[in-house]
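Numbers given in this note's numbering equal positions in the sequence shown, counted from 1, plus 103. Just so you know, even glycine gets a beta-carbon here, dropped at the ideal spot from N, CA and C. These numbers were taken from a predicted model, which means no experiment stands behind them. Note sheet for the following structure.
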Amino acid sequence: GTTWVIGAGQSIHRWNRTTWQRMPGLGVRIDVDPQGDAWVVNQAGNIFRWNGRDWGAIAGAATDIGIGAGGRIWAIGRTAATGGYNILRWTGTSWQNMPGAAVRIDADPAGNAWVVNSAGNVFLWSSIGWTELPGRGRDISVGADGSVWLLGWNSVGGGYPVFRWNGRDWTPVEGGLVNISAGPKGVVWGTNNGNEIWRQGGERVMTRFIPSTRGFKFENNFVTNFAGIDFYGLCGGMAYAAIDYFHSGRS
């Protein structure tokens, strides 16, 4: 599967299996269709789809977007309603207004939407309408294998607790994130409140720390002697100061 992310400053990036490639444009929410092309919502609510070369504008306005493995596209609109904002479903040419309101959305392989509203309540769309599920959450995502992931309501280290749907309730999974996205085969990606990108299995992919622009510029050729052994260019204090500046958003 193709992985995209919204970076610092609303920048858009695509994972090339070794690093993040900077892509044109800006966005605040993103999801990827079965062809590997991203759909992006920007700060003004405009919707764009990557066509392999550039961004093409899609009619309508949104605050979030979710795409199922079967290609069904849902969005959260910009019209305020009890529970968040209006819910939309893409017909292929326009957006169809759906019942209810929410703040986060994704779609499962069958094309049904999973949402959380402004109170954290979780709902699933089906042929009979919306069904409320147990639990409360901040963000929700559905993998191509049908696995459903939720970020819980209460704060933990890194952001909010991670849960996986077991068919009846939410099973806790280790970690804390502020955004979550499930890809093919249920592999889960997320970002935490330190702007770090993580992949399921406890692997930190990379931060957005760029040494050439974020690091302190100083000569790293000094010698430290400890117990008769020389150590070269080890400055943990400077390294930690640089990352502290990064996490606090200071240049």
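Ranked by Cα distance from G260, the first of W153, E277 and L253 is E277. Membership of D272 in any beta strand (DSSP E) is not indicated, and neither H nor E is assigned to it by DSSP. A distance below 8 Å between beta-carbons, with the five flanking residues on each side excluded, links N154 to the following residues of its chain, in chain order: D140.
The closest CA to that of A345, considering only G255, G318 and G331, is found on G318. Here the C-alpha atom of A183 lies approximately 29 Å from the C-alpha atom of G279. Excluding five sequence positions before and after S244, the CB atoms of its chain that fall closer than 7 Å to its own CB belong to D209, W252, I283, S284 and A285, given in chain order.
Judged by DSSP in its simplified three-state form, A205 adopts strand. Cβ neighbours of P137 within its own chain (closer than 7 Å, five residues either side excluded): A172 and G174. Under the criterion of beta carbons closer than 8 Å, T105 and V135 qualify as touching, at roughly 6 Å.
Residue range G232 to V245 is occupied by the beta strand (DSSP E) that includes E235.
Between P264 and G270, the CB-CB gap reaches or exceeds 9 Å.
Of the candidates G223, G186 and G246, G246 places its Cα closest to the Cα of I170. DSSP, read as helix, strand or coil, puts A147 in coil.
For A162, same chain residues with a beta-carbon under 7 Å away, outside a window of 5 residues either side, are S197 in chain order. Residue pairing by DSSP puts V265 in a beta bridge opposite L254 and V276.
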